[in-house]
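The structure under discussion appears below in the form of structure tokens.
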Amino acid sequence: MELIFYTLRGVAGAIVNPALMIVLVFLGIILYLKNKNLVIMQKLILGDNINTPLELTLSQIVLGILAGSIGSLILSVLGIRFWENSGIIYLFMISIVLMFIKPRFICFSYSGALLGAISIIVKLLSNFIPLLKNTNIFNIDIIYLMTFIGVLHIVEGFLVMIDGDRGSIPIFSNKNGRIIGGFSFNRYWVLSIAILMLALSNKDTSNYITTTIQTPNGWPFISGELSDKLLTLATISVMPLYAVVGYSSITFTKGKKEKVLHSGISILIYGICLAIVAQIARFGLLFKVLVIVFAPFAHEMMIKVQRNNENKYEPKFMSDEEGLVVLEVVPNGIAYNLGIKSGNKLISVNNNNVNCESDVLIILKENLYNATFTIKDSKGNIKDIPVKTTKGKRLGMILVPRAIKEKDKICVEENKFSDILNNIKEKH
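In terms of this note's numbering, the sequence shown opens at residue 794 and continues consecutively.
Quick look at the structure:
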């Protein structure tokens, strides 16, 4: 119980520590500005925002702190710990640098593999450079490093399943000459993490939370390369810090909840596999290299499998001759209050076929904003729904059109978010 208590105390230290509090505020501002742009795009596309920037930001921080606390407890119970000067902090710095090369490289699988490779190279060079033998820089236990990254992915998997669909944006694409609808996901969470750090008893540990901790029998449950004799001379302390994990994906074959559930489970399985595979690093240099290679390779394979599934399965949101598919519905909007849901199909309006949302609005205007929608739900049931709206008020739903006019198309492949946002504003 003492180990759990001091781990949670370390997590709390990340919140109350003035320096780390500044980091949290800084991260919060960045997330808020990002979410503000996202909400603007939601409003331009849907006519209303599904979430507020503050709501999106608070959920990223609060859920991140909660998930970080759980992850920290798992790490502490397993016995994952690092030397104070081992360079584990570089894991987070490398992630930030790699993010500028490609956003998805912010994942710790890539930075962890790079840091692990540097650690092995430094150890090999120390056989030829005596100066390197007397330093702990990059002296990282590969078993603990990869288990640490595996646990972070387990936590990330649950975050994606619970909160990954929040802030999603409806998107359209073209497949075999037909318009298909889908969703774009781009979500980040701020994890508050407490890492167990080791320092020799004669070293200064004033920067950490230190005390004598009563550990459970059999602890640590995962043994690294540290000898028991060396551990008896070391002081265990808790270092609080912040880490950022993210989820970015698109889908045209699944609903929002279904997509994040599948993605979250994939990330969870990857995290468990990495934590298990990390244990073979104890058998020598070759196995350490295998673990380091496995981390990014397996992560790339996970992404490739998800992409292949997107190409293999049929699009979920594709309109046909029968009617227009509803892609998204704004909560508490007109369509939402009428019981219309994502995945439903609008067959007709006042018995008139429609090709896009503008056709619906024209019919509403001609009938003084009174009409009857013929809707087909996901179970195949067809029903007529009376609709009464007011002038200038949008229906609060996005329909997948049968075709898009050339002037309304926006290429998002190479454009930055700000450019896409400006293009959308110009077309409204």
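Ideal placement from N, C-alpha and C gives every residue a C-beta, glycine not left out. Since the structure is predicted, the reported quantities are computational estimates derived from the model, not experimental observations.
Strictly by DSSP, which residues pair up with residue i?
| i | result |
| --- | --- |
| Tyr1040 | Arg980 |
| Asp1177 | Thr1167 |
| Val1119 | Leu1192 |
| Thr1028 | Ala992 |
| Pro846 | For Pro846, which the question treats as bridged, DSSP gives no partner whatsoever. |
| Leu1139 | Leu1117 and Ile1168 |
| Arg1075 | Looking at the DSSP assignment, Arg1075 forms no beta bridge with any residue, so it has no partner. |
| Lys968 | Arg971 |
If you draw a straight line from the C-alpha of residue i to the C-alpha of residue j, how long is it?
| i | j | result |
| --- | --- | --- |
| Lys1176 | Ser985 | 49 Å |
| Gly1048 | Leu1054 | 10 Å |
| Ala812 | Leu991 | 22 Å |
| Asn842 | Tyr825 | 15 Å |
| Glu1206 | Leu891 | Below a pLDDT of 50, predicted positions are generally treated as unreliable, and Glu1206, at 48, falls in that range; the measurement from the model is reported next regardless. Rounded to the nearest angstrom, the two C-alpha atoms are 20 Å apart. |
| Met1190 | Gly1136 | 11 Å |
| Thr998 | Trp876 | Reliability fails at Thr998, whose pLDDT of 48 lies under 50, so the model's placement of it is uncertain and no value is given. |
| Asn1148 | Phe965 | 15 Å |
| Cys900 | Ser888 | 7 Å |
| Ile1178 | Ile1127 | 12 Å |
| Gly1057 | Lys1184 | 42 Å |
| Asp958 | Phe978 | 7 Å |
| Leu1154 | Leu837 | 17 Å |
| Leu918 | Gly905 | 20 Å |
| Ile911 | His946 | 22 Å |
| Ile1133 | Val1122 | 7 Å |
| Phe1076 | Val1082 | 11 Å |
| Glu1150 | Val944 | 46 Å |
| Ser903 | Pro1089 | Correcting the residue identity first, residue 903 is Tyr in this sequence and not Ser. Spanning the two alpha carbons is a distance of roughly 5 Å. |
| Pro923 | Ile823 | 44 Å |
| Pro896 | Tyr1162 | 45 Å |
| Asn1208 | Phe893 | With a pLDDT of 48 at Asn1208, under the threshold of 50, the modelled position of this residue cannot be trusted; read the value that follows with caution. Rounded to whole angstroms, Asn1208 to Phe893 spans 16 Å at the Cα level. |
| Leu801 | Met814 | 16 Å |
| Arg980 | Val1038 | 9 Å |
Considering only the alpha carbon of each residue, which of the options lies closest to residue i?
| i | options | result |
| --- | --- | --- |
| Leu938 | Ile988, Asn969 and Ile1058 | Ile988 |
| Ala1074 | Ser865, Ile858, Ile913 and Gly1126 | Ile913 |
| Thr845 | Lys827, Gly857, Leu859 and Lys1138 | Lys827 |
| Leu796 | Tyr1129, Leu868, Gln835 and Asn1146 | Leu868 |
| Asn1145 | Asn1130, Asn1125, Tyr1129 and Phe1166 | Phe1166 |
| Leu847 | Lys829, Ala860 and Ile838 | Lys829 |
| Glu1114 | Ala1196, Val809 and Ile894 | Ala1196 |
| Glu1107 | Pro1033, Val1153, Lys968 and Leu1078 | Lys968 |
| Ser769 | Ser902, Phe1087, Lys1109 and Glu1093 | In the structure displayed, the chain extends from 794 to 1221; residue 769 sits before or after that span and is not available. |
| Asp934 | Val809, Lys895 and Ser879 | Ser879 |
| Ile1105 | Phe1087, Thr1046, Lys895 and Met1111 | Correcting the residue type first, residue 1105 is Lys in the shown sequence and not Ile. Answer by Cα proximity: Thr1046. |
| Lys916 | Pro896, Ile833, Leu1078 and Phe898 | Leu1078 |
Can you find the residues in the same chain that come closer than 8 Å, C-beta to C-beta, to residue i, ignoring five residues on each side of it along the sequence?
| i | result |
| --- | --- |
| Ile1015 | Leu871, Gly872, Ile873, Ile936, Tyr937, Thr940 and Gln1072 |
| Ser1059 | Gly950, Met1095, Val1098 and Gln1099 |
| Ile1065 | Gly943 and Ile947 |
Between residue i and the rest of its own chain, which residues show a CB-CB distance below 7 Å, the 5 nearest in sequence each way excluded?
| i | result |
| --- | --- |
| Thr1003 | Residue confidence is low: Thr1003 scores 48 on pLDDT, short of 50, so the model does not pin down where it sits. No coordinate-derived value is stated. |
| Gly821 | Thr850 and Ile854 |
| Tyr883 | Leu908 |
| Leu1157 | Ala1164 and Thr1182 |
| Thr1044 | Gly975, Phe976, Lys1052 and Glu1103 |
| Phe798 | none |
| Ile1080 | First, the residue type needs correcting, since residue 1080 is Phe and not Ile in the sequence shown. Correct list, in chain order: Ile1073 and Ala1074. |
| Val816 | Tyr1035 |
Is residue i near the ligand SAH, judged by its Cβ being under 7 Å from some heavy atom?
| i | result |
| --- | --- |
| Lys1052 | The ligand SAH is not part of the structure shown, which contains no ligands of any sort. |
Considering only their Cβ atoms, is the gap separating residue j from residue i smaller than 8 Å?
| i | j | result |
| --- | --- | --- |
| Leu1192 | Leu1120 | yes |
| Ile1140 | Gly1116 | yes |
| Ile1085 | Gly909 | yes |
| Lys1052 | Phe976 | yes |
| Lys931 | Ala1036 | The question names Lys, but residue 931 is Phe in the sequence shown. Not in contact: Phe931 and Ala1036 (Cβ atoms no closer than 8 Å). |
| Tyr1040 | Val953 | yes |
| Pro963 | Gly970 | no |
| Trp982 | Ala1091 | no |
| Asn1160 | Asn1143 | yes |
| Ile881 | Leu1067 | no |
| Ile972 | Pro1194 | yes |
| Ser852 | Asp956 | yes |
| Ala807 | Leu1034 | yes |
Under 6 Å Cβ to Cβ from residue i, same chain only, skipping five residues before and after it: list those, please.
| i | result |
| --- | --- |
| Val804 | Ser862, Ser865, Ser985 and Ala987 |
| Leu831 | Gly960 |
| Lys1169 | Lys1138, Ile1140 and Ile1175 |
| Gly857 | Trp982, Val983 and Leu984 |
| Gly840 | Arg1187 |
| Val1180 | Ala1164 and Phe1166 |
| Val948 | Ala860 and Gly864 |
| Phe1087 | Val1070 |
| Val1118 | Phe1110, Ser1112, Lys1138 and Val1193 |
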